[in-house]
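Heads up, the sequence shown is in our numbering, so the first residue is 1 and it goes up one at a time.
Glycine included, each C-beta is placed from N, C-alpha and C at the ideal position.
Remember, it's a predicted structure, so these values are computed and weren't measured experimentally.
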Amino acid sequence: MIQVHNLHKHFKVTRHHQGRLAGVRNLLTREYRLVKAVDNVSFTIQTGELVGYLGPNGAGKSTTIKMLTGLLVPTGGDLVVNGRIPHQSRQQYVANIGVVFGQRTTLWWDLPVIESLELLQHVYRVPADRFRQNLSEFTDLLDLKPFLHTPVRSLSLGQRMRADLCAALLHDPALLFLDEPTIGLDVVAKERIRQFIQHVNRERGTTIILTTHDLQDVEKLCERVMIIDHGRLLFDGQLNDLRERFDGRRELLVDMAEAYEDVSVEGAQVVARDGWQVTYQFSRSSVTASELISRISQRYRIRDLAVREPDIEATIRRIYEERLLET
Ligand SMILES: Nc1ncnc2c1ncn2[C@@H]1O[C@H](COP(=O)(O)OP(=O)(O)O)[C@@H](O)[C@H]1O
Ligand SMILES: [Mg+2]
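Here it is as structure tokens:
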């Protein structure tokens, strides 16, 4: 459905002089700096997938989405979506996609939500019965009723996002782009949006690309994740593979039944001690949890224990910081 090959987007940004006479120098000489917002990115997405596009701020996520939706023209590379080149046949192209940008609404600021939706019905030429059906379904799923007659500018961020999601789907697009749909929302509002996204993907078969810098979005929704940083695609695969590859490190928390001077054990490292509680770290590939537990219990008297699975958030931070995936 989506084929992206060696995609680039470079921005020329004016470099500003600093210090004395900076104003004059800025006027006289124009110096540019090249920002490689998207740098040689390739991927393929099949119909029906729900893919997480993850990366820190400034990574290049929105720039990618803007090219995929035809809002920006690539500097280089190939991009085919639904057999079309997005920026070349925008009119026909947008009829079959839905887009939500978390940072700004596509609705009319001063109009009540319902009037915005009705306007969109005409823009997209949605047949009346189809419109009514969709509106009623989304009103239920997104609980829009309490604010259907409220102007968009008076909505809370969470309400606005729900209205925007409804607006993006009224014309039954086969493909939905969500750019940070949970940004700035509280936990409850995020959860509601996530459930809706999952519903749309499962029940309607809509292909969805979801950009986020919130790992929990991806963990709850996506099997496949692509990670971008500094414009480069660092990882494309199953979230589980990412876990296995980079996060073999699990933790075993043990409450000892008495005080021990030395609590060491083969195959694990002691990473913390708090009274009689000891935290061991061990790697999935070197020892199983049950093997480790049996080694410890042979040597020490144990009162209680718990295995803690690795924190994928920490893993991803490590991937960014230590550039683990760069070639
Ligand atoms: N119109 C633009 N002009 C200049 N630089 C831009 C423009 N849009 C984005 N950038 C730069 O491109 C990089 C990627 O931005 P963006 O795609 O918005 O990142 P993300 O959505 O992952 O936060 C950033 O360094 C950003 O400053
Ligand atoms: Mg962005």
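- Message: Quick check on the contact list: which residues have their beta carbon closer than 6 Å to a heavy atom of ligand 1?
- Response: 11, 13, 35, 37, 55, 57, 58, 59, 60, 61, 62, 63
- Going by DSSP, name the residue or residues bridged to residue 178. As a position in the sequence shown, residue 178 is number 178, starting the count at 1. Residue 178 pairs with 100, 210.
- Could you give the residue range of the beta strand (DSSP E) that holds residue 283? On the sequence shown, position 283 is the one that residue 283 refers to. Its beta strand (DSSP E) spans residues 277–283.
- Taking the C-alpha atoms as reference points, what is the distance between residue 85 and residue 51? Your numbering for residue 85 matches position 85 in the sequence shown. Your numbering for residue 51 matches position 51 in the sequence shown. C-alpha separation (whole angstroms): 20 Å.
- Less than 8 Å between the CB atoms is what I'm expecting for residue 166 and residue 233, so what's the real figure, rounded? By one-based count along the sequence shown, residue 166 stands at place 166. By one-based count along the sequence shown, residue 233 stands at place 233. Not really, about 31 Å apart at Cβ, beyond 8 Å.
- Message: Spatial neighbours of residue 55 within its chain, please: C-beta separation below 8 Å, excluding the five flanking residues on both sides.
- Response: Within the sequence shown, the letter at position 55 stands for residue 55. Answer for residue 55: 61, 211, 213, 227, 228, 229, listed in chain order.
- Query: So, is residue 69 buried or exposed, given that buried needs 16 or more other C-beta atoms within 10 angstroms?
  - Reply: The residue labelled residue 69 in the question sits at position 69 within the sequence shown. Answer is buried; the Cβ neighbour count reaches 16.
- Message: Pull the bridge partners of residue 9 from the DSSP assignment, please.
- Response: As a first step, residue 9 is located in the sequence shown; it is residue number 9 there, counting from the start. Answer by DSSP bridge pairing, in chain order: 38.
- Query: Is the beta carbon of residue 176 less than 8 Å from the beta carbon of residue 168?
  - Reply: Translated into positions along the sequence shown, residue 176 becomes position 176. Translated into positions along the sequence shown, residue 168 becomes position 168. For residue 176 and residue 168, yes; Cβs fall inside 8 Å.
- Using only alpha-carbon positions, find the residue among 139, 14, 264 that is nearest to residue 25. Here the question's residue 25 lines up with position 25 in the sequence shown. Per the Cα distances, 14.
- Task: Specify the secondary structure class of residue 237 as computed by DSSP and reduced to three states.
- Result: The count along the sequence shown starts at 1 and reaches residue 237 at position 237. Strand.
- Mind listing, in chain order, the continuous alpha helix (DSSP H) runs of no fewer than 4 residues lying wholly within the region 57–98? 61–68, 90–94
- Beta carbon of residue 180: closer than 7 Å to some heavy atom of ligand 2? One-based indexing of the sequence shown puts residue 180 at position 180. The answer is yes for residue 180.
- Item | residue 19 burial status per 10 Å Cβ neighbour count (16 or more: buried) | As a working note, residue 19 is residue 19 in the sequence shown. Looking at its Cβ environment, which holds fewer than 16 other Cβ atoms inside 10 Å, residue 19 is exposed.
- Message: When you measure from the CB of residue 153 to every non-hydrogen atom of ligand 3, does any distance come out below 7 Å?
- Response: This structure simply doesn't include ligand 3; it includes ligand 1 and ligand 2 instead.
- Message: Going by DSSP in three states, residue 47 sits in which element: helix, strand or coil?
- Response: Walking along the sequence shown from the start, residue 47 turns up at place 47. In the structure shown, residue 47 sits in coil (DSSP, three-state: anything other than H, G, I, E or B).
- Message: According to DSSP, simplified to helix, strand and coil, what is residue 148?
- Response: The residue you call residue 148 lines up with position 148 of the sequence shown. In the structure shown, residue 148 sits in coil (DSSP, three-state: anything other than H, G, I, E or B).
- Item | Residue-chain proximity (residue 86, chain C), Cβ-Cβ < 8 Å | Although the question refers to chain C, the structure presented lacks it and comprises just one protein chain.
- Item | With 16 other Cβ atoms within 10 Å as the buried cut-off, status of residue 251 | Position 251 of the sequence shown, counting from 1, holds the residue named residue 251. By the neighbour-count rule (16 or more Cβ atoms within 10 Å), residue 251 is buried.
- Over the uninterrupted beta strand (DSSP E) stretch that includes residue 123, give me the two end residues. Residue numbering aside, residue 123 sits at position 123 when the sequence shown is read from its first letter. Looking at the DSSP string, residue 123 is not in any beta strand (DSSP E); the run it does join, the alpha helix (DSSP H), is 113–123.
- Could you spell out the range, first to last residue, of the alpha helix (DSSP H) harbouring residue 340? This structure leaves residue 340 out entirely; the chain is present only between 1 and 327.
- Three or more beta-carbon pairs under 8 Å between the region 200–207 and the region 121–130, yes or no? no
- Query: Span of the alpha helix (DSSP H) holding residue 291?
  - Reply: Your numbering for residue 291 matches position 291 in the sequence shown. From DSSP, the alpha helix (DSSP H) with residue 291 extends over 289–299.
- Let me know if residue 120 comes out buried or exposed under the rule of 16 or more other beta-carbons within 10 Å of its beta-carbon. Within the sequence shown, numbered from 1, the residue matching residue 120 stands at position 120. Residue 120 should be labelled buried.
- Query: Are residue 49 and residue 224 touching if we call contact CB-CB under 8 Å?
  - Reply: Residue 49 sits at position 49 when you count from the first residue of the sequence shown. Residue 224 sits at position 224 when you count from the first residue of the sequence shown. In this structure, residue 224 lies closer than 8 Å to residue 49 by Cβ.
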